[in-house]
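Q:
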Amino acid sequence: MGYTVALYRAIGSQYDRSDNSARYPCFDKLVLARDLHIEQAASDGIISLETTHWAGALNKGPHFDLYPHGRPDVEAKVSKDDKGTTLTSGSLSATVSSEEHAFDVKFHSADGSKHLTSLLGRSVGLAYNPAPTNPLQTGDMRDFKHYIFTQTQLGVGETIHGLGERFGAFNKVGQSVSLWNADGGTSSDQAYKNVSFWLSSKGYGVFIDNPGKVELEIGSERCTRVQTSIEGQRLKWYIIYGPAPKDILRRYSILTGQPGTVPSWSYGLWLSTSFTTNYDEATVKSFLEGMKERDTQVDVFHYDCFWMKAFTWTDFVFDSERFPDPKAQIARLKESGLVKKVCVWINPYIAQHGEAFKTASEKGYLLKRKNGDTWQWDLWQAGMGLVDFTNPEAVKWYVECLNGLFDKGVDAIKTDFGERIPTLDVEWFDKSVDPHKMHNYYSFIYNKVVYEALQKRYGRDEAVLFARSATAGTQRFPLVWGGDCESTPEAMAESVRGGLGLGLCGHAFWSNDIGGFEGNPAPWIYKRWVAFGLLCSHSRLHGSGSYRVPWTIDGDDRSEEGCSGTLARWTALKTRLMPYLLAQSTRAVAEGLPLSLRAMLVEFPDDPTAWYLDRQFMVGDALLAAPVFDESGEVDFYLPRGRWTSFFTNEVREGPSWFRERHGFGSLPLYVRENTVLVLGKEGVRGAVYDYAEDAEVALYHVKEGASVGVVGSDGKVLGSLTVGAGGELMGTEILKGSWSKSENGRKVDESHKSTIQSL
Numbered sequence: 085m086g087y088t089v090a091l092y093r094a095i096g097s098q099y100d101r102s103d104n105s106a107r108y109p110c111f112d113k114l115v116l117a118r119d120l121h122i123e124q125a126a127s128d129g130i131i132s133l134e135t136t137h138w139a140g141a142l143n144k145g146p147h148f149d150l151y152p153h154g155r156p157d158v159e160a161k162v163s164k165d166d167k168g169t170t171l172t173s174g175s176l177s178a179t180v181s182s183e184e185h186a187f188d189v190k191f192h193s194a195d196g197s198k199h200l201t202s203l204l205g206r207s208v209g210l211a212y213n214p215a216p217t218n219p220l221q222t223g224d225m226r227d228f229k230h231y232i233f234t235q236t237q238l239g240v241g242e243t244i245h246g247l248g249e250r251f252g253a254f255n256k257v258g259q260s261v262s263l264w265n266a267d268g269g270t271s272s273d274q275a276y277k278n279v280s281f282w283l284s285s286k287g288y289g290v291f292i293d294n295p296g297k298v299e300l301e302i303g304s305e306r307c308t309r310v311q312t313s314i315e316g317q318r319l320k321w322y323i324i325y326g327p328a329p330k331d332i333l334r335r336y337s338i339l340t341g342q343p344g345t346v347p348s349w350s351y352g353l354w355l356s357t358s359f360t361t362n363y364d365e366a367t368v369k370s371f372l373e374g375m376k377e378r379d380t381q382v383d384v385f386h387y388d389c390f391w392m393k394a395f396t397w398t399d400f401v402f403d404s405e406r407f408p409d410p411k412a413q414i415a416r417l418k419e420s421g422l423v424k425k426v427c428v429w430i431n432p433y434i435a436q437h438g439e440a441f442k443t444a445s446e447k448g449y450l451l452k453r454k455n456g457d458t459w460q461w462d463l464w465q466a467g468m469g470l471v472d473f474t475n476p477e478a479v480k481w482y483v484e485c486l487n488g489l490f491d492k493g494v495d496a497i498k499t500d501f502g503e504r505i506p507t508l509d510v511e512w513f514d515k516s517v518d519p520h521k522m523h524n525y526y527s528f529i530y531n532k533v534v535y536e537a538l539q540k541r542y543g544r545d546e547a548v549l550f551a552r553s554a555t556a557g558t559q560r561f562p563l564v565w566g567g568d569c570e571s572t573p574e575a576m577a578e579s580v581r582g583g584l585g586l587g588l589c590g591h592a593f594w595s596n597d598i599g600g601f602e603g604n605p606a607p608w609i610y611k612r613w614v615a616f617g618l619l620c621s622h623s624r625l626h627g628s629g630s631y632r633v634p635w636t637i638d639g640d641d642r643s644e645e646g647c648s649g650t651l652a653r654w655t656a657l658k659t660r661l662m663p664y665l666l667a668q669s670t671r672a673v674a675e676g677l678p679l680s681l682r683a684m685l686v687e688f689p690d691d692p693t694a695w696y697l698d699r700q701f702m703v704g705d706a707l708l709a710a711p712v713f714d715e716s717g718e719v720d721f722y723l724p725r726g727r728w729t730s731f732f733t734n735e736v737r738e739g740p741s742w743f744r745e746r747h748g749f750g751s752l753p754l755y756v757r758e759n760t761v762l763v764l765g766k767e768g769v770r771g772a773v774y775d776y777a778e779d780a781e782v783a784l785y786h787v788k789e790g791a792s793v794g795v796v797g798s799d800g801k802v803l804g805s806l807t808v809g810a811g812g813e814l815m816g817t818e819i820l821k822g823s824w825s826k827s828e829n830g831r832k833v834d835e836s837h838k839s840t841i842q843s844l
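Okay, here's the thing in structure tokens:
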């Protein structure tokens, strides 16, 4: 089998023009023309391009929900001169050359100062598979697959990043990437969260407006091009101008949706039963009491799959033998103070052995085969069906099941799976959808349904998921975790790369399985992963067939360097960082930025080294963290230009430069950026929710006049800001409560100040 490929050699005369778009015929031969439509995308710095072969082909759904928060106003214009036609959308322009028989579309800044990329000759085309033996065969397309593609120019030294949570090399140049959700762990080219958006070091990003399978050859088929191809008759994408990565991500979040907000309690430590372990109320209580005894507060306890009977997943019914009165049990846990919130595991599959299957199948709530049978298979559990969320009645039923959990005291939902969505011999309730497009998009509607159910019950800013599958736009339904990693240092590095990549696709919040999911972590790996995991936006102890409470890892070593001591110290550190994390999250949500695992390139785009760093990250805009992956404790890391102060030792280092350090289990390279005002919470507090303004420490790091920081309460509301004055004095301290202290470059300069405002 082979391919017949038609490459567009020339752009014809413009034949359709409006105030914000232009349409051109494109030729591979003098008689064969296709459409190229360039349009201002109703948003500053964004232009869309669509190439179409047969315009009469159905454009079946689902379609991405774009501009969910509304379309901002933008000045757009189309102009023409002797060089060609230029379409401008605010700060971004596209110029189509008027040269005869030329194919030349240039994307550049509106002021002409920055060239981004181009579509040149033979960079747009179509392909058939298998190859037709003569032109007449294309009249009958039943035996042929039809593909359409574009090839954007890849510049010298250009790097490409993003495309979802991918666990391979951070820079995607040289890779072939298939955007197709799969349940494949973290050690291959498969991904749970495929996002059709990539970000370039040249100051632009590209969002491919197709929820189906997208194939990319990034400097791999042709060294100087990024090829994007899909099966079908039309391909549309948006080019998004920066020039800085923060500008690109902000505009991308306008296009596909800003991240949702999460409550402060969700930042605390999550403890899980693990996946396939046996447990009951006594087990859960022993875990939580053991954590308290070892000076570690658990904010969220998670019940994984065995809160239901085996092979009845997901029928939403607690196993009556293990949990005869789940509502009372959950209430007892919360009343004891051992935990604040409870999360349970679900997935979108309905086992035929569960109570829910008969109802769901008979009422048409499950996906069907084309002959009318309920679609079932045995991969995961025998005879399971799949909830058809395109059916409004199925959604209502599913939400009723969720409400039953909320009535029992469940506060958060882990939405597992959602990747194994069939495409062959299936018929969705909504006949307008293409099964191949539904494969990836299912993760959007699945998580949307559950997230909105939580919002309706608990409030807009109190909803929290723990989701595994995702596509473009699911950042609106936080949060996600990195899936099934092994308990190895290599897998921890894979997880870092995955989190970095997803953070460049609009996700503000991300987590991973501390200690690794598969296997039994060695104590040193567990402790190094604890340090990494507690510097992520969200932190969860979770495994597969073994528990992740620290005393099961090292035989209950109670020394300072033991697993329990290490976990207690890092949990306490994150608790102190809560004023900083919550204030930073406000900006992350507003601008579509990752809170933690923020790639270095986001903060330092003018540093060429930053575009290659995949073993370190920023926590917000002021803290740099480099996890330790070696048993010896040795770690190499890079500091960009400026003065950086070690959070742990107060040592000052100057960048740009590489450094090597050796760390015990209670530290890692955690450096504070110069000109930072860092608010730290009261020492000795346990748990993520407390009064962040009371007895706080205001830490100044090589600050200049005007340096400031916002202070928020645990409810996320802004209390005010602290600003450094001309003489180094701190202004705005009236928002602080109790006895607060001040430090400069890690050293206390004032032991305490009494606030004149009484604590409530």
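In terms of the numbering used here, the sequence shown is residues 85 to 844.
Even glycine gets a Cβ: it sits at the ideal position worked out from N, Cα and C.
By a C-beta neighbour count over all protein chains shown, 10 Å radius and 16 as the cutoff for buried, is Cys307 buried or exposed?
A: Classification for Cys307: exposed.
Q: Mind checking which residues open and close the alpha helix (DSSP H) that includes Trp391?
A: Element bounds for Trp391: n/a, residue is neither H nor E.
Q: Going by DSSP in three states, Cys589 sits in which element: helix, strand or coil?
A: Looking at Cys589 - three-state DSSP - the assignment turns out to be coil, as it is neither helix nor strand.
Q: I'd like the list of long-range same chain contacts for Val115, defined as Cβ closer than 6 Å, with 5 residues on each side in sequence excluded.
A: Since pLDDT at Val115 reaches only 37, below the 50 mark, its modelled position is unreliable, and the value read off the structure follows with that caveat. Result list for Val115: empty, nothing under 6 Å.
Q: Would Asp472 pass as a contact of Phe513 if the rule is Cβ separation under 8 Å?
A: For Asp472 and Phe513, yes; Cβs fall inside 8 Å.
Q: Cα-Cα, which of Thr380, Leu679, Lys540, Tyr774 is closest to Val633?
A: For Val633, the nearest C-alpha among the options comes from Thr380.
Q: Indicate whether Gly771 and Gly352 have their beta-carbon atoms separated by less than 8 Å.
A: The answer is yes: Cβ separation under 8 Å.
Q: Can you confirm whether the region 611–626 touches the region 651–659 when touching is taken to mean that 3 or more C-beta pairs between the two stretches lie within less than 8 Å?
A: Flag = yes, the region 651–659 and the region 611–626 touch.
Q: Quick check: what's the CA-CA separation for Gly830 versus Thr729?
A: Their backbone Cα atoms lie some 8 Å apart in a straight line.
Q: What residues in its chain sit with their C-beta under 8 Å from that of Leu339, if we drop five residues either side in the sequence?
A: Correct list, in chain order: Ala125, Ser127, Ile130, Leu150, Tyr151, Phe291, Tyr322, Ile324.
Q: Please return the same chain residues whose Cβ sits closer than 6 Å to the Cβ of Gly726, not counting the five positions on each side in sequence.
A: Gly739, Glu758, listed in sequence order.
Q: Tyr212 to Val795, Cα distance in whole Å?
A: Each residue's alpha carbon lies about 59 Å from the other.
Q: Are the region 284–304 and the region 236–251 touching by the rule of at least three beta carbon pairs closer than 8 Å?
A: Counting Cβ pairs under 8 Å, three or more are found: they touch.
Q: What number of angstroms, rounded off, separates the C-alpha of Val833 from the C-alpha of Leu814?
A: If I take the Cα positions, the gap works out to 12 Å.
Q: Considering only their Cβ atoms, is the gap separating Arg504 from Tyr276 smaller than 8 Å?
A: Going by C-beta atoms, Tyr276 is not nearer than 8 Å to Arg504.
Q: So, Ala556 versus Phe281, is the Cβ gap smaller than 8 Å?
A: In this structure, Phe281 lies closer than 8 Å to Ala556 by Cβ.
Q: Can you tell me which of the three DSSP states Lys826 falls into?
A: Three-state DSSP puts Lys826 in a strand.
Q: Just tell me which of Ser643, Lys826, Gly800 has its CA closest to the CA of Val787.
A: Closest by alpha carbon: Lys826.
Q: When we look at the beta-carbon of Lys167 and count the other beta-carbons within 10 Å, is it buried (16 or more) or exposed?
A: Label assigned to Lys167: exposed.
Q: In the DSSP output, what is Phe281 paired with across the bridge?
A: Partner(s): Phe291.
Q: Leaving aside the five residues before and after Val384 along the sequence, list all residues of the same chain whose C-beta is less than 6 Å from its C-beta, in chain order.
A: If we look at Val384 and ignore the five residues flanking it on each side, its Cβ neighbours are Trp354, Lys425, Cys427.
Q: Please go through the same chain and pick out, in chain order, the residues whose beta-carbon is closer than 6 Å to the beta-carbon of Trp695, but skip the five residues on each side of it.
A: Contacts found: Thr243, Ser285, Leu685.
Q: Assign Pro692 to one of two classes, buried (16 or more other C-beta atoms within 10 Å of its C-beta) or exposed (fewer than that).
A: It is exposed - the Cβ of Pro692 has fewer than 16 other Cβ atoms within 10 Å.
Q: To which residues of the same chain is Glu828 closer than 7 Å at the C-beta, ignoring the five residues directly before and after it?
A: So the qualifying residues of the chain are Leu784.
Q: Name, in chain order, the residues that DSSP records as bridge partners for Ser163.
A: Partner(s): Thr170.
Q: Any idea if His185 is buried or exposed, counting beta-carbon neighbours within 10 angstroms, 16 or more meaning buried?
A: Exposed, because fewer than 16 other Cβ atoms sit within 10 Å of the Cβ of His185.
Q: Could you tell me whether the Cβ atoms of Thr807 and Gly816 are closer together than 8 Å?
A: Yes, the pair counts as a contact, with Cβ atoms nearer than the cut-off.
Q: Out of curiosity, what's the CA-to-CA distance linking Asn294 and Lys498?
A: Looking at the two C-alpha atoms, the distance is approximately 27 Å.
Q: Rounded to whole angstroms, what's the CA-CA distance from Gly469 to Arg453? Just pull it up for me.
A: Rounded to whole angstroms, Gly469 to Arg453 spans 11 Å at the Cα level.
Q: Considering just the uninterrupted stretch of the alpha helix (DSSP H) at Leu657, what are its terminal residues?
A: Note, Leu657: alpha helix (DSSP H), 647–660.
Q: From this set, Asp388, Gly316, Gly582, Ile332, which residue's C-alpha is nearest Phe228's C-alpha?
A: If we check each option's Cα against that of Phe228, Gly316 comes out closest.
Q: Going by C-alpha distance, which of Arg334, Met522, Ser792 is nearest Ala672?
A: The shortest Cα separation from Ala672 among Arg334, Met522, Ser792 belongs to Arg334.
Q: At which residues does the beta strand (DSSP E) containing Asp403 begin and terminate?
A: No beta strand (DSSP E) holds Asp403; DSSP gives it neither H nor E.
Q: Who pairs with Gly804 in a beta bridge, going by DSSP?
A: Paired residue(s): Val795.
Q: Okay, do the region 673–682 and the region 575–591 touch, 3+ Cβ pairs below 8 Å being the bar?
A: Verdict: yes, contact present.
Q: Does the region 251–266 come close enough to the region 151–166 to have 3 or more Cβ pairs within less than 8 Å?
A: No, the region 251–266 is not in contact with the region 151–166.
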